[in-house]
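First to last, the protein sequences are chains A and B. Under the numbering used here, the very last position in the first sequence is 377; numbers go up by exactly one each time. Under the numbering used here, the very last position in the second sequence is 754; numbers go up by exactly one each time. Glycine included, C-beta positions come from ideal geometry on N, C-alpha and C. All of these numbers come straight from a predicted model, not from anything done at the bench. Data first, discussion second: the structure below is written as structure tokens.
2 protein chains.
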Amino acid sequence: MSSMNNVIDFDEVSGILVCEAGCILENLISFLDNQGFIMPLDLGAKGSCQIGGNVSTNAGGLRLIRYGSLHGTVLGLEAVLANGNVLDMLGTLRKDNTGYDLKHLFIGSEGSLGIVTKVSILTPPKLSSVNIAFLACKDYLSCQRLLLEAKRKLGEILSAFEFLDSEAMDLVLNHLEGIRNPLPPSMHNFYVLIETTGSDEAYDKEKLEAFLLRSMESGLISDGVLAQDINQASSFWRIREGIPEALMRAGPVYKYDLSLPVENMYNLVEDMRVRLAEKAKVVGYGHLGDGNLHLNISAPQYDDMILAKIEPYVYEWTSKHRGSISAEHGLGLMKANKIFYSKSHETVQVMASIKKLLDPNGILNPYKVLPHSLTSY
Amino acid sequence: MSSMNNVIDFDEVSGILVCEAGCILENLISFLDNQGFIMPLDLGAKGSCQIGGNVSTNAGGLRLIRYGSLHGTVLGLEAVLANGNVLDMLGTLRKDNTGYDLKHLFIGSEGSLGIVTKVSILTPPKLSSVNIAFLACKDYLSCQRLLLEAKRKLGEILSAFEFLDSEAMDLVLNHLEGIRNPLPPSMHNFYVLIETTGSDEAYDKEKLEAFLLRSMESGLISDGVLAQDINQASSFWRIREGIPEALMRAGPVYKYDLSLPVENMYNLVEDMRVRLAEKAKVVGYGHLGDGNLHLNISAPQYDDMILAKIEPYVYEWTSKHRGSISAEHGLGLMKANKIFYSKSHETVQVMASIKKLLDPNGILNPYKVLPHSLTSY
Chain A
1 MSSMNNVIDF
11 DEVSGILVCE
21 AGCILENLIS
31 FLDNQGFIMP
41 LDLGAKGSCQ
51 IGGNVSTNAG
61 GLRLIRYGSL
71 HGTVLGLEAV
81 LANGNVLDML
91 GTLRKDNTGY
101 DLKHLFIGSE
111 GSLGIVTKVS
121 ILTPPKLSSV
131 NIAFLACKDY
141 LSCQRLLLEA
151 KRKLGEILSA
161 FEFLDSEAMD
171 LVLNHLEGIR
181 NPLPPSMHNF
191 YVLIETTGSD
201 EAYDKEKLEA
211 FLLRSMESGL
221 ISDGVLAQDI
231 NQASSFWRIR
241 EGIPEALMRA
251 GPVYKYDLSL
261 PVENMYNLVE
271 DMRVRLAEKA
281 KVVGYGHLGD
291 GNLHLNISAP
301 QYDDMILAKI
311 EPYVYEWTSK
321 HRGSISAEHG
331 LGLMKANKIF
341 YSKSHETVQV
351 MASIKKLLDP
361 NGILNPYKVL
371 PHSLTSY
Chain B
378 MSSMNNVIDF
388 DEVSGILVCE
398 AGCILENLIS
408 FLDNQGFIMP
418 LDLGAKGSCQ
428 IGGNVSTNAG
438 GLRLIRYGSL
448 HGTVLGLEAV
458 LANGNVLDML
468 GTLRKDNTGY
478 DLKHLFIGSE
488 GSLGIVTKVS
498 ILTPPKLSSV
508 NIAFLACKDY
518 LSCQRLLLEA
528 KRKLGEILSA
538 FEFLDSEAMD
548 LVLNHLEGIR
558 NPLPPSMHNF
568 YVLIETTGSD
578 EAYDKEKLEA
588 FLLRSMESGL
598 ISDGVLAQDI
608 NQASSFWRIR
618 EGIPEALMRA
628 GPVYKYDLSL
638 PVENMYNLVE
648 DMRVRLAEKA
658 KVVGYGHLGD
668 GNLHLNISAP
678 QYDDMILAKI
688 EPYVYEWTSK
698 HRGSISAEHG
708 LGLMKANKIF
718 YSKSHETVQV
728 MASIKKLLDP
738 NGILNPYKVL
748 PHSLTSY
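Next up, the structure:
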């Protein structure tokens, strides 16, 4: 889609952007920056990913806790169906209750129902004040209680709540250069990164400082530091965003992207440590505010014995807790047959019948998303 | 559904409520209030409407500008299909990219694809500070510019931006008791109600005051008043919410609920005044922040000559500007055949084929939503 890379329209009163599907996310971010707006999603791959792909895969990323998912922010789209018909659903309206809202079928279906060619999306105004704190918690329960307090006390300015465990921190410190732990080295079990975004620098900072002070006094956090400038802010984000790279450098890694109820999310990491004992290092981090755990298992080498300890256990565990075996990364080719861990048979049957309706010959992204048993042509 | 009125679960860390479809919206609001949370939607009918109906009709209401549509806040649902199958999509996850997100088919399809029986919804924490201002603008362009400024300057605390024209104000003053114009009587053409919701009373009020002062100085608003207590706040809302009742008391009324691009939304009201001249009173008001115009035409009596001046003109006008002929109220029985004003033929064809797939005998809410030509059984 890379040739379809034009911005079609931007309305600064409503903040609605209309563009072609091949626009690179980072280019859209720059375009909007000049107009005083931001994209409602942001992710590490912004320099190369295209907005059509973001929509087709229902990309999540770092701003979901504040601005919600693409099902809420995408107002319209144009898609080309398998039979060549162009579905023009490129509305720019916040409210439209005329018939079924079919655009949602194309958000997150990984191109298997149609190819997204144009997108209309609601963009929030850019707020000038961003503050970032890096905190330590003694246990997972404290992280959860801190999240609840942050939602209440920081309310409308909370824009990120990320967590990592001490194993993730060790990996980053050992495998990436130029990174140091901003908190005095001691035995912290969990780290939390909190970001606030608002429209008033002095007030927002004061609010975050008061929140940190109260959390320290009540024992919810055992240590913490507030970024004093943009360089320090970037260095805090670099720890969180550097984890995948650190894992890659550490050697073979088994990666899982799960949604789980926040309260028992970390139990899976601990259960997995018991199962694997000394055979591998189990790392837990992710978007705590969205209930999204990145479970990564770093092993000395790829080993079927290790894999057999992990799968299907991790999927069964997730399924038992009504979680999602793919929070943001989709099913693709590798997980198409694992859909039943997160979706009921009746639901998958309806998905397959919709696939058959819109793409009877299975020419759109074949073998992906739906289990092979249901999509044989 | 009224017997299915139980709250199933509420998780205060994530703010996720799971309940049966027959729960009355106001009961859910009270239930959450005790936990320190609010429903992400609010509407006049809250005392009798059920959450399952809200979801099935994709209800909009007063909080949409802040919390977005139900497509963003409903995390999961259970629906019973025409063949009796129960589709369990009652996830409580903010992120789940395992297959097509079918729940969206049931949000806003007015019960024609299945009956919603359970709902899981993300609820925001209750914020303690609410401030309301009632303002006057000399023209529609000023209202638009004020909206843009409000989004920028009030940013994260803006929770409502409603407008009414002087004809709507006159109707309320003439037909409802105990209502007075909070601004000194003079020739204002437009009124705007702005609400902010945040977590800090003193700061939020100061912010709104500074915004009003600047807007007054720059001439965007010609007059304005900030509610000093909860009674005055209610009296401001009463003006805006009293318009439908005032219209009903004034006599026969033709009602249209339209979404239009904000910049030319009010042109329709003015065009309609020219067309109808002295025959009827044309009133414009609505959720300006969402681009949602309630166009109401108050006539001395129901009259086919008047109707012929209004329709199909109002639909054609809306269609030409890529608006929606039903922003929040749905199509139902009366507007099913008017769907093509807002949706392309290809899109409606796909809707009809999905209806046929899920409800081959047309037993669910027959004759509604889709045009009769496409749903003959």
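- When the five nearest sequence neighbours on each side are left out, the beta carbons in the same chain lying within less than 7 Å of the beta carbon of Tyr633(B) are those of Leu672 and Val691, in order along the chain.
- For His188(A), no CB of chain B lies under 7 Å from its own CB, so it is not counted at the interface with that chain.
- In the displayed model, Gly445(B) falls within coil according to three-state DSSP, outside both helix and strand.
- Shown in chain order are the members of the stretch 628-653 of chain B whose Cβ falls below 7 Å from a Cβ of chain A: Ser636, Pro638, Val639 and Glu640.
- By the CB criterion at 7 Å, Leu146(A) and Gly198(A) fall outside the cutoff.
- Contacts with chain B (Cβ-Cβ distance below 7 Å) from the stretch 292-318 of chain A involve Asn292, listed in chain order.
- With a threshold of 7 Å between beta carbons, Ala398(B) makes no contact with chain A.
- The stretch 155-233 of chain A is shown to contain whole beta strand (DSSP E) runs of 3 or more residues at 158-165, 190-198 and 223-226, in chain order.
- Contact between Leu741(B) and Leu490(B) is confirmed by a C-beta separation of about 7 Å, below the 8 Å threshold.
- The beta carbon of Ala459(B) is closer than 6 Å to those of Asp736, Ile740 and Leu741 in its chain, skipping five residues each way along the sequence.
- Counting every other CB atom within 10 Å of its CB across the protein chains shown gives Asn508(B) a total of 16 or more, marking it as buried.
- A direct Cα-Cα distance of roughly 43 Å separates Thr117(A) from Ser379(B).
- Here DSSP, grouped into helix, strand and coil, assigns Ala513(B) to strand.
- Note that the C-beta distance between Asn435(B) and Ile484(B) is below 7 Å.
- Those residues of the stretch 655-667 of chain B placed with their C-beta closer than 9 Å to a C-beta in chain A are His664, Gly666 and Asp667, ordered along the chain.
- Residues are counted here when their Cβ sits less than 8 Å from a Cβ of chain A; for the stretch 411-437 of chain B these are Gly413, Thr434, Asn435 and Gly437, given in chain order.
- Under the Cβ distance rule, Lys472(B) counts among the residues neighbouring chain A, one pair being separated by less than 7 Å.
- Within the same chain, Cβ atoms closer than 8 Å to the Cβ of Cys49(A) are found at Ile24, Leu25, Leu43 and Ala59, the five residues on either side in sequence being excluded.
- In the DSSP annotation of this structure, Leu470(B) is not part of any alpha helix (DSSP H), being labelled neither H nor E.
- For Ala327(A), the neighbours in chain B by C-beta distance under 8 Å run, in chain order, Leu470, Lys472, Asp473 and Asn474.
- Given a length threshold of 4 residues, each whole run of the alpha helix (DSSP H) inside the stretch 388-445 of chain B is given here in chain order: 402-412, 428-433 and 441-444.
- Membership of Glu78(A) in the beta strand (DSSP E) is indicated by the continuous run Val74 to Val80.
- Following the DSSP letters along the chain, one finds Val651(B) inside the alpha helix (DSSP H) bounded by residues Met642 to Leu653.
- Listed by position along chain B, the residues whose Cβ is nearer than 7 Å to that of His71(A) are His448, Gly449, Asp478 and His481.
- Ranked by Cα distance from Gly84(A), the options Tyr367(A), Asn361(A) and Gly284(A) are led by Asn361(A).
- With a contact defined as Cβ atoms closer than 8 Å, Glu78(A) and Leu87(A) qualify at about 7 Å.
- Taking 8 Å as the Cβ-Cβ cut-off, the stretch 559-590 of chain B approaches chain A at Thr574, Gly575, Ser576, Asp577, Tyr580 and Lys584, given in chain order.
- Contact note: Met334(A) does not reach chain B at a C-beta cutoff of 9 Å; the least C-beta distance is about 12 Å.
- A straight line joining the alpha-carbon of Lys697(B) with that of Gly15(A) spans about 21 Å.
- Sixteen is the threshold: since fewer than 16 other Cβ atoms of the shown chains lie within 10 Å of the Cβ of Tyr679(B), the residue is exposed.
- Take Ser486(B), set aside five residues on each side of it, and the residues of its chain with a beta-carbon closer than 8 Å to its own are Ser433 and Val746, in chain order.
- In the structure shown, Tyr690(B) falls within a helical segment according to DSSP collapsed to helix, strand and coil.
- Contact annotation for Ser215(A) against chain B: no contact, minimum CB-CB distance about 15 Å [criterion: below 8 Å].
- Using a CB distance cut-off of 7 Å, Ser159(A) does not count as an interface residue toward chain B.
- A direct Cα-to-Cα measurement between Asn644(B) and Tyr631(B) gives close to 18 Å.
- Per the DSSP secondary-structure output, Asp634(B) pairs in a beta bridge with His671(B).
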